[in-house]
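Peer 1: Structure below; questions to follow.
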Amino acid sequence: MNRGVFRFISVGSTVSWIVLFVVIPYLFVVLFSTVSYEGLISGVIDLSLDGFREICSSVFLEVCISSFSLALGATVLTLLVAYPYAYILTRLPEAVKRVMLLLMIIPFWTSSLVRTYALIILLKANGIVNSVLLYAGLIDEPLSMLYTQWSVFAGLVYTLLPFMVLPIYSSLQKLDWRLVEAARDLGATPFSVFARVVLPLTMPGLIAGSTMVFLPALGLFYIPDLLGGARSMLIGNYIKNQFLVAGNWSAGSAASVVLTLLMCLCIYGYFLSARKARTESMGGMP
Amino acid sequence: MSRVFRWVYLGLIYAFLYVPIAVLVVYSFNSSKYSTNWQGFTLKWYGQLVSDSPLREAFVNSLVIAFASSVCATILGTLAAFAFYRYRFVGRKVLYTFIYIVMMSPDIVMGISLLMFFVTLGLATGALTLLIAHITFCLPFVVVTVYSRISGLDRSIIDVAKDLGANEMQVFRHVVMPLLMPAIIAGWLLSFTLSLDDVVVSFFTTGPSFDILPLRIYSMVRLGIKPEINALSTVMFALSLVTVTVAHLVTKEKT
Amino acid sequence: MERQPIVSLKEVTKRFDDVVAVDSLSLDIYQGEFLTLLGPSGCGKTTVLRLIAGFETLTSGEIYMNGARLNGTPPNKRNVNTVFQSYALFPHMNVFDNIAFGLRMKKCEEGLVRRQVGEALEIVKMSGLENRMPHQLSGGQQQRVAMARAIVNKPQVLLLDEPLSALDYRLRQEMEIELKRIHRQLGITFVFVTHDQEEAISMSDRIAVMNRGAIEQVGTPIEIYEEPENMFVARFVGEINVFDGVVREVNNGGATVEIQGRLFPVQNRKNLGPGRAVKVLLRPEDIQVAIEGEWTEGEPYLAGSVEEVIYKGKTVDLVVRLDNKESINVTQFFNEDQENVIYREGQRVHVNWLYGWEVVLPS
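As they're listed, the protein sequences go chains W, P and B.
Okay, so the first sequence: first residue is 1 according to our numbering, each after it adds one.
Okay, so the second sequence: first residue is 1001 according to our numbering, each after it adds one.
Okay, so the third sequence: first residue is 2001 according to our numbering, each after it adds one.
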């Protein structure tokens, strides 16, 4: 096979798949967000912004705010758990490191639903945690841990942890530890070594990890659904309901467009800050 | 940080990761239906699992879709990664950025957009639409995994192969493919797991005629806790453990 | 040597976007010769090699091989092979499979493959290491495998892209000798690219000195070193001292040049007329230094004092500061007769040279 034919096949297959099943479907979303749903059913294309008007309501705003705060909270929590973990890991001997990393990743090859379900069993009123605490005499009556903000956080951290751990770990792994020694040698305290050397140099990993946790946390609807009960309405649930319950495609599409724009903004911010972090860490310490 | 603190911290993390799974596994052998207490060893939940034919069907469906979609995504994605590496074409950068965005963008938007697309085309949601959807969301992961390996290759290796008389197809088969094998396997495995795990996209792109495991579990869990789910989860965990081990051994041997 | 070009480049130009890598370059490469493309990095020498190999397509011009036009032929259809700077051994194949690759692509019968790979391994003195993987080999061994992998295909022309630059000094010298030996043994044409002038001079039959995508001079190593045609070649190949002067008188074949107020007789190969500003070039080893007491009456000289003495073992290198404040480099070989001469810093000296050892170029 000559170069031209092979090139045509390899480039063509990718481009056509992406265009057909990503670009065009997405254009449908954009189209439906601007075209009246009722009009479309009766065969009339009727430009309107009803969808956007619908989601300008305070309901949607509330949904957005609670989704954002939930995703943000989950990101911060995951970061707080993952950073020390990755830091400890990089300081271990190579063989131990590999085993530890494998042990970190194994659970994530299992269905996230299964793991969410496991958390339910653990946290429910007559679950293991309560039994242990009661038995130990630490509490007098079962705590209600399930169906709270905290159980949702726990579920999100449980599901998204490796997305934070791996980028941070790889940037810590690339860190030249002689810099830490140099900083110590120059009289820096352990804290300032961390704040002025380690943290800035691992910023790209940290930003990458945070983005990779924040974005899915915004969209995952089944974890808050299962662990938070029906009480918290999130963007994911909102869109799902507009399509499957309310049958309001315009509003659902409009909400999807808004969500995508927010995501693009996040990704753009991520690229900018990642580039900034990279150039800074290459241009030496300030 | 003191040594003790380090190990305690690591211990807590791994407890967080494994205790829930361990509890599931233990409960799956507990003969009590509701209680948290241990009431004796039983295999009856596994028995119920086997006799539950809709569940079995969903399980098989899931495996079929995961296998088919991961294989398709791996072939397409490997070709794409090769194309990105080897050729300069119009819109190359745009396409690569786009693939990145698709990878990071919310599942729900992909699910919704595909749903609208299929409905508008008049395609009934079912096995075919699900397959297309799964290939689509697996594709970027394969591209990125394989591309990151291929971009680390010494470009002159391809030149050498051509210099020694290999044509484009032979370069791909005898040189690029074997060198990429670990990344291709990793990409395939990732796709397989993602496909098996996916709830959100599948939720929108399959129809009642074609039930798959994650959706079945989702609806079962929403209805409450059942010991069969424990058994099912244990089976799934064991399966993924085997897959990871095999993958680990295979990729290790190849490099 | 049969004067029949095997590869002919005719006004070859290669442009990458706005950068002209090779600019209307013409060069004939002859059967069986060892030709070196020498030049600083970015001068386009590797591009010339890649154009011959077929990795790059010409912007304009023609390349002929054995008289046949080669422009559109892909690399896998050209009877040339390349040894890359990075060796580019296939990391997933052992030594045998690496070397056998080209033959297998040609669908050679496996017995023949076995025999020819064996021969190639023998030529590069690597017999017995067939089953090693590339990462188990030293740099020098990898280099030999890369050579074997190219020559096993019996190319008419072997292209070598800075193949020695990754090796350390001693190994490089060893491989220089090996390369020469292999070249003699095979009798095929070698086109060698390097930025190292010593390497070029010690190995080549001919050298093409390149600069900014064009050839500055083509010639034997002796011609390039002793008779550089322009300042670039003179400065790039070896160390050189440059004196500014003016032609005062012309006589048959020679001329008198005034340098720093003194008159020196020089050869006038370029027929430069009186009044012409010139540069007189001298290699450090071509300059004579005389200390006080050795000065000969009547010979023209430039006066100065020794500024630095660097003992090099075989030679002693001097930096002499002339009275006009210019400094020059001089290399003195130890000479049985001068055994006792030990130069001191600050010592007054006269420098001059033998008629005909200089190179005179127009300014």
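Even for Gly, the Cβ is constructed at its ideal location relative to N, Cα and C.
#1: Can you give me the C-alpha to C-alpha distance between F2232(B) and N1167(P), rounded to a whole angstrom?
#2: Could you name the residues of chain B that N1167(P) contacts, counting a contact when the two beta carbons are closer than 7 Å?
#3: Should V197(W) be labelled buried (16 or more other beta-carbon atoms within 10 Å of its own) or exposed?
#4: Tell me whether F1172(P) sits in a helix, a strand or coil according to DSSP, three-state version.
#5: Report the rounded CA-to-CA distance for F171(W) versus C266(W), giving the unit in angstroms.
#6: Going by DSSP in three states, F2192(B) sits in which element: helix, strand or coil?
#7: Per the DSSP calculation, K2010(B) is bridged to which residue(s)?
#8: Mind pulling the chain W residues with CB within less than 7 Å of F1089(P)?
#9: According to DSSP, what are the bridge partners of T2047(B)?
#10: Taking Cβ-Cβ distances below 8 Å as the criterion, which residues of the region 1101-1124 of chain P are in contact with chain W?
#11: Y1009(P) versus chain W: which residues are under 8 Å apart at the beta carbon?
#12: Are the beta-carbon atoms belonging to D2283(B) and E2239(B) less than 8 Å from one another?
#13: Counting only the same chain and skipping the five closest in sequence on each side, list residues whose C-beta sits under 7 Å from that of V2152(B).
#14: If you compare alpha carbons, which of Y117(W), R91(W) and Y83(W) is closest to N1230(P)?
#15: What runs of the beta strand (DSSP E), each 3 residues or longer, lie entirely inside the region 1169-1231 of chain P?
#16: Just by C-beta distance, which residues in the region 1010-1031 of chain P are closer than 8 Å to chain W?
#17: Give me, in chain order, the residues of the same chain whose beta-carbon lies closer than 8 Å to that of M285(W); leave out the 5 immediate sequence neighbours on both sides.
#18: Classify W177(W) as buried or exposed, calling it buried when 16 or more other Cβ atoms lie within 10 Å of its own Cβ.
#19: Going by other Cβ atoms of all chains shown within 10 Å of its Cβ, with 16 needed for buried, is T1097(P) buried or exposed?
#20: Would G2061(B) and P2074(B) qualify as a contact pair, given that the criterion is a beta-carbon distance under 8 Å?
#21: Which residue comes first and which comes last in the beta strand (DSSP E) that contains E2199(B)?
#22: Under a three-way DSSP split, which group does E2358(B) fall into?
#23: Under 8 Å between C-beta atoms, does H1248(P) make it to chain B?
#24: With a Cβ-Cβ cutoff of 8 Å, do L156(W) and I65(W) count as a contact?
#25: Using a Cβ-Cβ distance cut-off of 8 Å, determine whether V35(W) contacts chain P.
#26: I need the DSSP call for H2350(B), collapsed to helix, strand or coil.
#27: Mapping the DSSP letters down to three states, classify R140(W) as helix, strand or coil.
#28: To which residues does DSSP link Q2217(B) through a beta bridge?
#29: Here's a check: name, in chain order, each residue in its chain whose Cβ is nearer than 6 Å to the Cβ of M1236(P), leaving out the five neighbours to either side.
#30: Once the 5 residues before and after T1255(P) are set aside, which same chain residues still bring their CB inside 6 Å of it?
#31: Could you name the residues of the same chain whose beta carbon sits closer than 6 Å to that of G2213(B), not counting the 5 residues immediately before and after it, in chain order?
#32: Which term fits W1038(P), buried or exposed, when burial requires 16 or more other beta carbons within 10 angstroms of its beta carbon?
#33: By Cβ distance, which residues of its chain are closer than 8 Å to Y1100(P), with the 5 residues on each side in sequence left out?
#34: Taking T1205(P) as the query, report the chain W residues whose CB atoms sit under 7 Å from its CB, ordered along the chain.
#35: Under a Cβ-count criterion, where at least 16 other Cβ atoms within 10 Å of its own Cβ denotes burial, should E2162(B) be classed as buried or exposed?
#36: Suppose the cutoff is 7 Å on Cβ atoms and the five residues either side in sequence are ignored; what does the same chain contact list for M1(W) look like?
Peer 2: Reading off the structure:
#1: 41 Å
#2: N2076
#3: buried
#4: F1172(P): helix per DSSP, three-state reduction.
#5: For clarity, residue 171(W) is Ser in the given sequence; the question names Phe instead. Answer to the nearest angstrom: the Cα atoms are 21 Å apart.
#6: F2192(B) carries a strand assignment under DSSP once its states are collapsed to helix, strand and coil.
#7: Beta bridge pairing from DSSP links K2010(B) with E2062(B).
#8: V11
#9: Paired residues: none, contrary to the question.
#10: I1101, V1102, M1104, S1105, P1106, D1107, I1108, V1109, M1110, I1112, S1113, L1114, L1115, M1116, F1117 and T1120
#11: In chain order: P84, Y85 and I88.
#12: Reading the sequence as shown, one finds Arg at residue 2283(B) and not Asp. Result yes, Cβ atoms of R2283(B) and E2239(B) sit closer than 8 Å.
#13: If we look at V2152(B) and ignore the five residues flanking it on each side, its Cβ neighbours are I2099, G2102, L2103, Q2116, V2117 and A2120.
#14: Y117(W)
#15: None, since the region 1169-1231 of chain P contains no complete beta strand (DSSP E) of that length.
#16: L1010, I1013, Y1014, F1016, L1017, Y1018, V1019, P1020, I1021, V1023, L1024 and Y1027
#17: Legend: pLDDT at M285(W) = 35, less than 50; position of this residue unreliable, no value from coordinates given.
#18: exposed
#19: exposed
#20: For the 8 Å CB-CB criterion, G2061(B) and P2074(B) do not form a contact.
#21: Looking at the DSSP string, E2199(B) is not in any beta strand (DSSP E); the run it does join, the alpha helix (DSSP H), is Q2197 to M2203.
#22: Coil, per DSSP.
#23: no
#24: no
#25: no
#26: Three-state result, H2350(B): strand.
#27: In the sequence as presented, Arg is not what sits at residue 140(W); that position holds Asp. Of the three classes helix, strand and coil, the one that applies to D140(W) here is coil, per DSSP.
#28: In the DSSP assignment, the residues bridged to Q2217(B) are V2209(B).
#29: none
#30: Confidence at T1255(P) is low in this model, with a pLDDT of 43, below 50, so the placement of that residue is unreliable and no value is reported for it.
#31: V2020, A2021, V2022, D2023 and G2044
#32: Burial call: exposed.
#33: P1140 and V1144
#34: Residues of chain W passing the Cβ test: none, with the nearest at roughly 10 Å.
#35: buried
#36: With a pLDDT of 48 at M1(W), under the threshold of 50, the modelled position of that residue is not reliable, and no figure is offered here.
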